[in-house]
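A.B. asks: Numbering (my numbering), first residue to last: 12 to 297. Note that the Cβ used here is the ideal one computed from N, Cα and C, for glycine as well. This is the structure I have questions about; it appears just below.
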Amino acid sequence: MTGAFDPPSTLKPQQVAIAMIESGVAKHRTRAEVVFLKAVAAGVMLSFGGLLSEIISGGSAGINASNPGLVKILGGLVFPVGLVMIVLQGQELLTSNMMIHPMAILKGAIPWWSLPLNWVIVFFGNLVGSLFFAAVLTKYSGIISTEPYLTYAKTFALHKAKDPQWHQIFLRGIGCNWLVCVAVWQAAGARETISKIIAIWIPIWVFVACAFDHIVANMFSVPLGIMFGADLTVAEYIESLFLPPSLATSSELCVSLFQQPISSLETTNTSTSRKLSFKVSKQVKS
């Protein structure tokens, strides 16, 4: 039964900001080996969406010839399943942590050294999970070892690594992480599971359809193309699809975007904000 005293379906921006800070504190307090395993799981989960997107796009050659925009939309439509699993299960993804950890540090809830430690652990965890999925669950399972999927996997990897220039990949990484942070932010503000799923789905659909570059998604798709024989070396992959997106995702763009709600906590006089601010101030810096 619904009534006048039912809680709102979404949190206010100030409340979401506090939730992000509290999440950063929780991540800081989690043991390193647990963070690593959660990051491995996140790499696998995101790769499920990547594989599904490649199956849709690679199997739509006829549509792509006449309507390439439609194929981009279809491929983007299925990709978000990975991030939905990550967020709902509380796994560790590098791109969202690049928003959450700086927010907690800037508010003084955790020490600065927690940031590089978390990012390094999560980076390699995501990489291990993505490579495991690409090698074991995709290549050796034979899921896309036949045409037209085999050729598409190689072509897609080459397109990602060799077609754009360095600065273009960097800018695409900014666009991608902006939308990933929007998705995670919106999911944190939603109360019901279906609302969280929709809040995640739409921004991620947009970033994939627009061909922005996600560093963890590339950890699956590009090595998969290399495993299938794409004319691409590991060194070329690192140079083009590790460095630019890493710099882009570690930029303060998304953090600055979401700092406004935190700043507004200092000027608001609502009892809710005072309670939330007090809750964060009680966190122990360790």
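Between N129 and E44, what straight-line distance do the alpha-carbon atoms span, to the nearest angstrom?
C.D. replies: C-alpha separation (whole angstroms): 11 Å.
A.B. asks: Please state whether the Cβ-Cβ distance between K150 and M238 is less than 7 Å.
C.D. replies: It is a contact, given that the beta carbons lie within the stated cut-off.
A.B. asks: If I'm right that P91 touches G60 with Cβ under 8 Å, what's the distance once you round it to whole angstroms?
C.D. replies: About 6 Å; that satisfies the 8 Å criterion.
A.B. asks: Does the count of Cβ pairs from the region 116-136 and the region 199-215 closer than 8 Å reach three?
C.D. replies: Short answer: they don't touch.
A.B. asks: Could you please give the first and the last residue of the uninterrupted alpha helix (DSSP H) stretch that includes G70?
C.D. replies: No alpha helix (DSSP H) holds G70; DSSP gives it neither H nor E.
A.B. asks: With DSSP collapsed to three states, give me the class of A241.
C.D. replies: Looking at A241 - three-state DSSP - the assignment turns out to be coil, as it is neither helix nor strand.
A.B. asks: So, is G54 buried or exposed, given that buried needs 16 or more other C-beta atoms within 10 angstroms?
C.D. replies: The residue in question, G54, is buried, as its Cβ has 16 or more Cβ neighbours within 10 Å.
A.B. asks: With DSSP run on the structure shown, which of helix, strand or coil describes A201?
C.D. replies: Reduced to three states, the DSSP call for A201 is strand.
A.B. asks: Quick check: what's the CA-CA separation for A28 versus D242?
C.D. replies: Using only the alpha carbons, I get a separation of about 45 Å.
A.B. asks: For a quick check, are the C-beta atoms of I67 and G86 less than 7 Å apart?
C.D. replies: Cβ distance < 7 Å, so I67 and G86 count as in contact.
A.B. asks: With distances taken from CA atoms, which of W177, G119, C221 is nearest V36?
C.D. replies: That would be G119, whose Cα lies nearest to the Cα of V36.
A.B. asks: Could you tell me which residues DSSP puts in a beta bridge with T162?
C.D. replies: T162 pairs with nothing; no bridge assigned.
A.B. asks: What separation, rounded to the nearest whole angstrom, lies between the Cα atoms of I111 and L142?
C.D. replies: Looking at the two C-alpha atoms, the distance is approximately 25 Å.
A.B. asks: Are L182 and V217 touching if we call contact CB-CB under 7 Å?
C.D. replies: Not closer than 7 Å, so no.
A.B. asks: Under a three-way DSSP split, which group does T149 fall into?
C.D. replies: Helix at T149.
A.B. asks: Taking buried to mean at least 16 other C-beta atoms within 10 Å of its own C-beta, is L287 buried or exposed?
C.D. replies: Any reading at L287 needs caution, since the residue's pLDDT is 47, under 50, leaving its predicted position unreliable; the model's value is listed next. Burial call: buried.
A.B. asks: So which of A72, L63, A210 has the shortest CA-CA distance to L22?
C.D. replies: Residue A210 is the option with its Cα nearest to L22.
A.B. asks: Reducing DSSP to helix, strand and coil, say where T21 ends up.
C.D. replies: If DSSP states are grouped into helix, strand and coil, T21 belongs with the strands.
A.B. asks: Look at the alpha carbon of E247 and the alpha carbon of K173, and state the distance between them as a whole number of angstroms.
C.D. replies: Distance between the alpha carbons of E247 and K173 is about 8 Å.
A.B. asks: If you compare alpha carbons, which of V82, I208, T106 is closest to V133?
C.D. replies: Ranking the options by Cα distance to V133, first place goes to T106.
A.B. asks: Does the distance from the C-beta atom of V227 to that of G136 stay below 7 Å?
C.D. replies: Cβ atoms of V227 and G136: not closer than 7 Å.
A.B. asks: Determine, using beta carbons only, whether E103 and V46 come nearer to each other than 7 Å.
C.D. replies: Yes, these two residues count as a Cβ contact at 7 Å.
A.B. asks: Would you check if the distance between the CB atom of F223 and the CB atom of S58 is smaller than 7 Å?
C.D. replies: Taking 7 Å as the Cβ cut-off, F223 and S58 do not qualify as a contacting pair.
A.B. asks: Quick one: using the 10 Å Cβ neighbour count with 16 as the cut-off for buried, is S267 buried or exposed?
C.D. replies: For S267, the predicted model reports a pLDDT of 49, less than 50, meaning its position is unreliable; a value from the coordinates is still stated below. Exposed: under 16 other Cβ atoms inside 10 Å.
A.B. asks: Just tell me which of L48, V219, V139, I84 has its CA closest to the CA of Q100.
C.D. replies: Minimum Cα distance to Q100 is reached at L48.
A.B. asks: Find the nearest neighbour of K207 within the set L148, V98, I154, judged by alpha-carbon distance.
C.D. replies: Nearest of L148, V98, I154 to K207, Cα basis: V98.
A.B. asks: Looking at the structure shown, is F90 part of a helix, part of a strand, or coil, going by DSSP?
C.D. replies: Three-state DSSP puts F90 in coil, outside helix and strand.
A.B. asks: I'd like to check one pair, A220 with I32: are the Cβ atoms closer than 7 Å?
C.D. replies: No. Outside cutoff.
A.B. asks: So, helix, strand or coil for I97, using DSSP?
C.D. replies: It is helical.
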